[in-house]
Structure formats: structure tokens, C-alpha cells
Amino acid sequence: MSGVYKIERNEIGSTLIDFFDEVLIEDREIICEALTILVDTSLDFVDCILISRHRVLGDTIVSFDKKLNKMLD
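Number 219 in this note's numbering belongs to position 42 of the sequence shown; there are no gaps in the numbering.
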């Protein structure tokens, strides 16, 4: 979204977190953690979800992506 609409990642993340406070969403903790990671890194949102699942749920994530693996350590 930031590339297409020229909006900063931190603005996207904080706006979505505020929005998610107002709606019913499954796995809210994982999504909000992923948005926090998104704001603080240059990773894709899907990678942020994977990291969040690893941190929150203890999921094992296996990837060839070096940046992703570094964040999982």
C-alpha cells in the first residue's frame, strides 16, 4: 500500500491498529503485532504475520528468506 498510495508505513500501521480496535477480528493479537513489525521493518506484511505467529503462538517457521530468518532468531 505504501508504494501505490505514497503513504508512510508507520501511518498505515497505526491507522490499521486504530481501525482494528473498532471491529471484531480473529487473531487480533497476531495482526496487531504484525503491524507493529511492519512499521519497524522493511518486511512484507506476510513476513510480518509469520514472525508474529512465531512470537505469539510459538509456530515454527521455515524459510529461505534471510531477512525473515534473521527476525525469527
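Using N, Cα and C, we set each Cβ at its ideal position, and we do this for glycine too.
Closest residue to residue i among the options (Cα-Cα distance)
i	options	result
R186	S240, R232, V216 and D204	V216
I207	D195, V239, L227 and T237	L227
R230	T213, K243 and F241	T213
K244	S191, T218 and D236	T218
Endpoints, the alpha helix (DSSP H) within which residue i is located
i	result
E191	One detail in the question is off: residue 191 reads as Ser in this sequence, not Glu. Residues R186 to F197.
L245	K243 to L249
S240	Segment: none, S240 is in no alpha helix (DSSP H) and carries neither H nor E.
Alpha-carbon spacing of residue i relative to residue j, whole angstroms
i	j	result
I202	L193	12 Å
C225	A211	5 Å
Beta-carbon gap between residue i and residue j smaller than 8 Å
i	j	result
L220	I238	no
F197	C209	yes
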